[in-house]
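S.K.: In mature numbering (1 follows the signal peptide of the UniProt record, and there is no 0), the protein residues as written are -22 to -1, 1 to 280.
Yeah, the Cβ is synthetic: ideal placement off N, Cα and C, and Gly gets one too.
Every value quoted in this text rests on a predicted model; they were computed, and no experiment measured them.
(1) For residue 202 and residue 101, what's the separation of their Cα atoms in angstroms?
(2) Could you check if residue 204 is buried or exposed, using at least 16 other CB atoms within 10 Å of its CB as the buried criterion?
(3) Taking the alpha helix (DSSP H) that residue 72 belongs to, which residues open and close that run?
(4) Using beta-carbon positions only, say whether residue 35 and residue 85 come within less than 8 angstroms of one another.
(5) Are the segment 179 to 199 and the segment 232 to 241 in contact at 8 angstroms, needing three or more beta carbon pairs?
(6) Quick one: what does DSSP say residue 190 is sitting in, helix, strand or coil?
(7) So, does the segment 59 to 78 touch the segment 117 to 137, judging by three or more C-beta pairs under 8 angstroms?
(8) Counting along the chain, where does the beta strand (DSSP E) carrying residue 89 start and finish?
(9) Three or more beta-carbon pairs under 8 angstroms between the segment 99 to 119 and the segment 49 to 57, yes or no?
(10) If you measure between the beta carbons of residue 109 and residue 136, is that distance less than 8 angstroms?
(11) Out of curiosity, what's the CA-to-CA distance linking residue 73 and residue 53?
(12) My guess is that residue 24 and residue 92 are in contact by the Cβ rule of under 8 angstroms, so how many angstroms apart are they, rounded?
(13) Using the beta-carbon count (16 or more within 10 Å), is residue 1 buried or exposed?
(14) Between residue 96 and residue 79, is the Cβ-Cβ spacing less than 8 angstroms?
(15) So, at 6 angstroms on beta carbons, what are the nonlocal neighbours of residue 15 in its own chain, with the 5 sequence-adjacent residues on each side left out?
(16) Leaving out five residues on either side along the sequence, give the residues of the same chain with a beta carbon under 8 angstroms from the beta carbon of residue 212.
(17) Quick one: Cα of residue 67 to Cα of residue 76, how far?
(18) Which residues bound the beta strand (DSSP E) around residue 62?
(19) Alpha carbon to alpha carbon, how far is residue 133 from residue 39?
(20) Residue 179 and residue 196 look like a contact to me (Cβ under 8 angstroms); what is the Cβ gap, rounded to whole Å?
(21) Output needed for residue 20: all residues of its chain with C-beta closer than 6 angstroms, excluding positions within five of it in sequence on either side, in chain order.
(22) Do you know how far the Cα of residue 5 is from the Cα of residue 12?
(23) How long is the line joining the alpha carbons of residue 89 and residue 31, rounded to whole angstroms?
(24) For residue 147, which residues in the same chain have their Cβ closer than 8 angstroms to its Cβ, ignoring the five residues on either side in sequence?
(25) Using only the alpha-carbon positions, how far apart do residue 87 and residue 28 sit?
(26) If you draw a straight line from the C-alpha of residue 210 to the C-alpha of residue 18, how long is it?
(27) Rounded to the nearest angstrom, what separates residue 98 and residue 82 at their Cα positions?
(28) Run through DSSP, which three-state label would residue 145 get?
(29) In whole angstroms, give me the CA-to-CA distance for residue 161 and residue 194.
(30) Output the boundary residues of the beta strand (DSSP E) element that contains residue 140.
(31) Near residue 41, which residues of its chain fall below 7 angstroms by C-beta distance, leaving aside the five closest residues on each side in sequence?
(32) By alpha-carbon positions, which one of 51, 44 and 207 ends up nearest to residue 155?
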């Protein structure tokens, strides 16, 4: 009889432990070292695989039962149904990395705060967060920004890594693409075509050419940042001026030709008018007749 009671108690305890641990599971696993990338999204999931509904309530952060619904609007997103509850940190910031605990609460007896869905502090993963150049006013922090250089100028790209602590910058990989689709690894050698020099998170192009135009990418821990290099012709600034000069020259030539033709037409008209006036003038006709008579008389005397 005593053995039966002991067996029943053990069975009850084991059964309770089984159901307590089997009802909920977290993704990623709570035992894993969860890492996040700055300014990227991160999702925490709690899945219920038992009978009925998981009866999810709210997600909390910290040890003071601070609901994420009371935080800045739009920073967190929560979606729940009977079997699953998801917390999305839409833009992970440094303040999120300081939170010691993340967990969800339920309304299910014995599962009010499932340990399988209680996540420890989320650490930051070192990753590219921007790009700087050799010019103070060129600091790119948005994807696919661009910089411009004239031909034969030089340009320096510095990949900004965050967090900076305990980061091996030699693992930064540089690559290049003309169309932002197919990238070629530039980090296989320290000098490429005697013009591109790479050292850790820095890339320098000496005397850029039009063929250097394209997309340059730095990558670390499967996270990358890309910048577009635009190369302008050295005479590019003169083309608008030369275009204006060309238009002015053409207009001047047209005006000169027009004025020359106008003068020629006026001269022809004036000559025709003078001839007509002489033909119609009686004095001119009388003088002409007198001259003819004199000529005849001189001929008779001769």
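M.R.: Looking at the atomic coordinates:
(1) For the purposes of this step, residue 202 is identified with residue 224 of the chain shown, where counting begins at 1. For the purposes of this step, residue 101 is identified with residue 123 of the chain shown, where counting begins at 1. The straight-line gap from Cα to Cα measures roughly 19 angstroms.
(2) Looking up residue 204 in the chain shown gives position 226. The residue in question, residue 204, is buried, as its Cβ has 16 or more Cβ neighbours within 10 Å.
(3) Along the chain shown, one-based indexing puts residue 72 at 94. Per DSSP, residue 72 belongs to the alpha helix (DSSP H) from 72 to 75.
(4) Mapped onto the chain shown, residue 35 falls at position 57. Mapped onto the chain shown, residue 85 falls at position 107. Taking 8 angstroms as the Cβ cut-off, residue 35 and residue 85 qualify as a contacting pair.
(5) no
(6) The residue you call residue 190 lines up with position 212 of the chain shown. Residue 190 falls in the helix class under three-state DSSP.
(7) no
(8) Residue mapping note: residue 89 aligns to position 111 of the chain shown, counting from 1. First-last for residue 89: undefined, no H or E at that position.
(9) no
(10) Counted from its first residue, the chain shown places residue 109 at position 131. Counted from its first residue, the chain shown places residue 136 at position 158. The answer is yes: Cβ separation under 8 angstroms.
(11) The residue labelled residue 73 in the question sits at position 95 within the chain shown. The residue labelled residue 53 in the question sits at position 75 within the chain shown. In a straight line, the C-alpha of residue 73 is about 12 angstroms away from that of residue 53.
(12) Your numbering for residue 24 matches position 46 in the chain shown. Your numbering for residue 92 matches position 114 in the chain shown. Right, their Cβ atoms sit about 7 angstroms apart.
(13) Along the chain shown, one-based indexing puts residue 1 at 23. Residue 1 should be labelled buried.
(14) Here residue 96 refers to the residue found at position 118 of the chain shown. Here residue 79 refers to the residue found at position 101 of the chain shown. Yes. Within cutoff.
(15) As a first step, residue 15 is located in the chain shown; it is residue number 37 there, counting from the start. Once the five neighbours on either side are set aside, the close Cβ partners of residue 15 are 103, 105 and 201.
(16) Counting from one through the chain shown, the residue named residue 212 turns up at place 234. Counting only Cβ-Cβ distances below 8 angstroms, and skipping sequence neighbours, we find 128, 129 and 130.
(17) On the chain shown, position 89 is the one that residue 67 refers to. On the chain shown, position 98 is the one that residue 76 refers to. Cα to Cα, residue 67 sits roughly 14 angstroms from residue 76.
(18) Within the chain shown, the letter at position 84 stands for residue 62. Where residue 62 is concerned, the enclosing beta strand (DSSP E) stretches over 62 to 67.
(19) Position 155 of the chain shown, counting from 1, holds the residue named residue 133. Position 61 of the chain shown, counting from 1, holds the residue named residue 39. Cα to Cα, residue 133 sits roughly 45 angstroms from residue 39.
(20) Reading the chain shown from its first residue, position 201 is the one you call residue 179. Reading the chain shown from its first residue, position 218 is the one you call residue 196. Going by Cβ atoms, the distance from residue 179 to residue 196 rounds to 6 angstroms, so yes, they are a contact pair.
(21) On the chain shown, residue 20 is found 42 positions in, with the first residue counted as 1. The answer, listed in chain order, is 14, 67 and 70.
(22) Counted from its first residue, the chain shown places residue 12 at position 34. Counted from its first residue, the chain shown places residue 5 at position 27. One C-alpha to the other measures close to 10 angstroms.
(23) Mapped onto the chain shown, residue 89 falls at position 111. Mapped onto the chain shown, residue 31 falls at position 53. Residue 89 and residue 31: Cα-Cα distance of roughly 12 angstroms.
(24) Here residue 147 refers to the residue found at position 169 of the chain shown. 139, 178 and 179, listed in sequence order.
(25) For the purposes of this step, residue 87 is taken as residue 109 along the chain shown, with counting starting at 1. For the purposes of this step, residue 28 is taken as residue 50 along the chain shown, with counting starting at 1. So the two alpha carbons sit approximately 13 angstroms from each other.
(26) For the purposes of this step, residue 210 is identified with residue 232 of the chain shown, where counting begins at 1. For the purposes of this step, residue 18 is identified with residue 40 of the chain shown, where counting begins at 1. The alpha-carbon atoms of residue 210 and residue 18 are separated by roughly 34 angstroms.
(27) The residue labelled residue 98 in the question sits at position 120 within the chain shown. The residue labelled residue 82 in the question sits at position 104 within the chain shown. Cα to Cα, the separation comes out at about 12 angstroms.
(28) Taking the chain shown and counting its residues from 1, one reaches residue 145 at position 167. In the structure shown, residue 145 sits in coil (DSSP, three-state: anything other than H, G, I, E or B).
(29) The residue labelled residue 161 in the question sits at position 183 within the chain shown. The residue labelled residue 194 in the question sits at position 216 within the chain shown. One C-alpha to the other measures close to 9 angstroms.
(30) On the chain shown, position 162 is the one that residue 140 refers to. 133 to 140 is the span of the beta strand (DSSP E), which, as asked, contains residue 140.
(31) Position 63 of the chain shown, counted from the first residue, corresponds to residue 41. Closer than 7 angstroms at the Cβ level, and outside the excluded window around residue 41, lie 78 and 79.
(32) Your numbering for residue 155 matches position 177 in the chain shown. Ranking 51, 44 and 207 by Cα distance to residue 155 puts 207 first.
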